[in-house]
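S.K.: Taken in order, the sequence shown gives residues 3 to 263; the numbers are from our numbering. Just so it is clear, CB atoms sit at the ideal spot from N, CA and C, and this is done for glycine as well.
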Amino acid sequence: MELILEVILGREIILNHLPQAEKEQRRFLWSKQVKLDVWAKDVDDVVYDTEVQKRNTKDLPKRSRLYNSLIDSNLLPPGTASYKPLNDVYVIIITPFDLFGKGLYKYTFNMGCQEAPGIRLEDGATRIFLNTRGKNPEGVNDELIDLLKYFEHSTGDTARNSSSRRIARLHEKVSDIKASEEIGVKFMNAWEEKLLDRQDGYEEGKREGLAEGEEKGLETGRKKGQSQRSREIAVKMKAKGMNLEEIAELTGLKVSEVEKL
Numbered sequence: 003m004e005l006i007l008e009v010i011l012g013r014e015i016i017l018n019h020l021p022q023a024e025k026e027q028r029r030f031l032w033s034k035q036v037k038l039d040v041w042a043k044d045v046d047d048v049v050y051d052t053e054v055q056k057r058n059t060k061d062l063p064k065r066s067r068l069y070n071s072l073i074d075s076n077l078l079p080p081g082t083a084s085y086k087p088l089n090d091v092y093v094i095i096i097t098p099f100d101l102f103g104k105g106l107y108k109y110t111f112n113m114g115c116q117e118a119p120g121i122r123l124e125d126g127a128t129r130i131f132l133n134t135r136g137k138n139p140e141g142v143n144d145e146l147i148d149l150l151k152y153f154e155h156s157t158g159d160t161a162r163n164s165s166s167r168r169i170a171r172l173h174e175k176v177s178d179i180k181a182s183e184e185i186g187v188k189f190m191n192a193w194e195e196k197l198l199d200r201q202d203g204y205e206e207g208k209r210e211g212l213a214e215g216e217e218k219g220l221e222t223g224r225k226k227g228q229s230q231r232s233r234e235i236a237v238k239m240k241a242k243g244m245n246l247e248e249i250a251e252l253t254g255l256k257v258s259e260v261e262k263l
C-alpha cells in the first residue's frame, strides 16, 4: 500500500501499521454504516482511505464527502477541546472511467474560496479521483500514468513497459500473492483484490434476494459472496506462509477460521 500511495501522492510514505481492509465507520450505532475499502495511517498520523469503484454510480462526489466526514468524526477522542490535532485525511477513489469528462488521469480537490480563488481553507481534507483510462497527462508524471495502466492490466508486460522501480517492486508483490483470474481493474495485493469482488458479492446477493422476494435474501447472498471470496484469498495467503493473525486481519476472518482452511 505504501508504494501505491507514494506514486499517487509523489512523496515518501511510511505507514505505522498494516492497512485495514473494509474498516467500518459510523458515528452512532443507529447511523448509516460505511465500510472503507483500504484504510491506513502513516507515521505522521495522516489518514488515507483508498476506494476502488468499478461502476459509475453517479454519486461518487457525495460518497467521498460522507467517507471524509465519517473518518473525521472518529479521529478526535470525546471531550477534545481543540481541533488542531485533527488528522489530515486523503480520500482516494480509483475508477476505470472519467467521472468529470476532462480526460485527466487525476482530479484533486481541496476546499477553496469562490470570492478569492487564491485562498485555500487549509483544513487538511483532500479528495482525489483517479481515472485509469485518462487521455490528458496534464499535471501528472509518467509514473502515475504507468501505475494507472497497471491497475487496468496488472501483467508482467505492463510492469516491464514502465521505467518505475516502484511499479516493478509492486508487480513482484502482486505476483507473489494475487489470484490468477481476471477481475476487471486490478488493485494490488491479495487483500486489496478482495475489494474488487465486493460489488460482485453484492450482485450475487441481489439476485438471491430478488428470488426470495425479501430483503433478507439480499443480505444473506451478499454476505455469502463476500465470505467465500475472503476464504479463497485466505487460502492463497496461507499457502504463501503468511502468519494466521495477519491473514485474519486482512481478510476479516477469525483466526480459528483461518486455521481450519
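Hey, is the region 68 to 88 in contact with the region 104 to 122, meaning 3+ C-beta pairs nearer than 8 Å?
M.R.: These segments do not touch.
S.K.: Using DSSP with H/G/I as helix, E/B as strand and the rest coil, what is Gln-55?
M.R.: Correct three-state label for Gln-55: coil.
S.K.: Express the C-alpha separation of Pro-80 and Met-3 in angstroms, rounding to a whole number.
M.R.: Straight-line Cα distance between these residues: approximately 30 Å.
S.K.: Quick test of the definition: if touching needs 3 or more C-beta pairs under 8 Å, does the region 5 to 25 touch the region 249 to 256?
M.R.: Counting Cβ pairs under 8 Å, three or more are found: they touch.
S.K.: In this structure, how does DSSP classify Phe-102 when only helix, strand and coil are distinguished?
M.R.: Here Phe-102 sits in coil by DSSP.
S.K.: With distances taken Cα to Cα, identify the nearest neighbour of Leu-132 among Ser-66, Ser-258, Gln-230 and Met-244.
M.R.: Ranking Ser-66, Ser-258, Gln-230 and Met-244 by Cα distance to Leu-132 puts Ser-66 first.
S.K.: Taking only the alpha-carbon atoms, compute the straight-line gap between Ser-182 and Lys-137 and give it to the nearest angstrom.
M.R.: With a pLDDT of 41 at Ser-182, under the threshold of 50, the predicted position of this residue should be treated as unreliable, and no value is reported.
S.K.: List the whole-angstrom C-beta distance separating Phe-153 from Arg-129, where the pair is believed to meet the contact cut-off of C-beta under 8 Å.
M.R.: In fact, because the Cβ distance is near 18 Å, the residues do not count as touching under 8 Å.
S.K.: How many Å lie between Gly-126 and Val-91 at the Cα?
M.R.: Spanning the two alpha carbons is a distance of roughly 6 Å.
S.K.: For Thr-82, does the three-state DSSP call read helix, strand or coil?
M.R.: Of the three classes helix, strand and coil, the one that applies to Thr-82 here is coil, per DSSP.
S.K.: Output the residue ranges of the beta strand (DSSP E) runs that lie fully inside the region 101 to 142 and measure 3 residues or longer, sorted by chain position.
M.R.: Listed in chain order, the complete beta strand (DSSP E) runs (minimum 3 residues) inside the region 101 to 142 are 108 to 111 and 127 to 133.
S.K.: If you follow the beta strand (DSSP E) that Ile-16 is part of, which residue opens it and which one closes it?
M.R.: Premise fails: Ile-16 is in no beta strand (DSSP E) and is neither H nor E.
S.K.: Which value, in whole angstroms, describes the spacing of the CA atoms of Lys-240 and Gly-103?
M.R.: Using only the alpha carbons, I get a separation of about 42 Å.
S.K.: Rank Ile-95, Trp-41 and Thr-59 by C-alpha distance to the C-alpha of Asp-266 and give the top, closest one.
M.R.: Outside the shown range of the chain, which is 3 to 263, sits residue 266, and nothing can be said about it.
S.K.: Helix, strand or coil for Val-45 per DSSP?
M.R.: Val-45: coil per DSSP, three-state reduction.
S.K.: Quick one: Cα of Lys-256 to Cα of Arg-122, how far?
M.R.: C-alpha separation (whole angstroms): 45 Å.
S.K.: Looking at the secondary structure, which residues open and close the beta strand (DSSP E) in which Thr-97 lies?
M.R.: 91 to 97 is the extent of the beta strand (DSSP E) around Thr-97.
S.K.: If Val-54 sits next to Ile-96, beta carbons under 8 Å apart, how far is it from one beta carbon to the other, in whole angstroms?
M.R.: 5 Å between Cβ atoms; contact.
S.K.: Please state whether the Cβ-Cβ distance between Ser-164 and Asp-148 is less than 7 Å.
M.R.: Yes.
S.K.: Going by C-alpha distance, which of Pro-98, Val-176, Leu-106 and Gly-105 is nearest Thr-59?
M.R.: The shortest C-alpha separation from Thr-59 is found at Pro-98.
S.K.: Can you round the beta-carbon distance between Ile-94 and Ile-169 to whole angstroms, since I take them to be within the 8 Å contact cut?
M.R.: 17 Å between Cβ atoms; not a contact.
S.K.: Identify the continuous alpha helix (DSSP H) that holds Gly-158 and give its terminal residues.
M.R.: Segment 158 to 162, the alpha helix (DSSP H) holding Gly-158.
S.K.: Cutting at 7 Å between CB atoms, please list the residues of its own chain near Asn-245, excluding the five before and the five after it.
M.R.: Once the five neighbours on either side are set aside, Asn-245 has no close Cβ partner at all.
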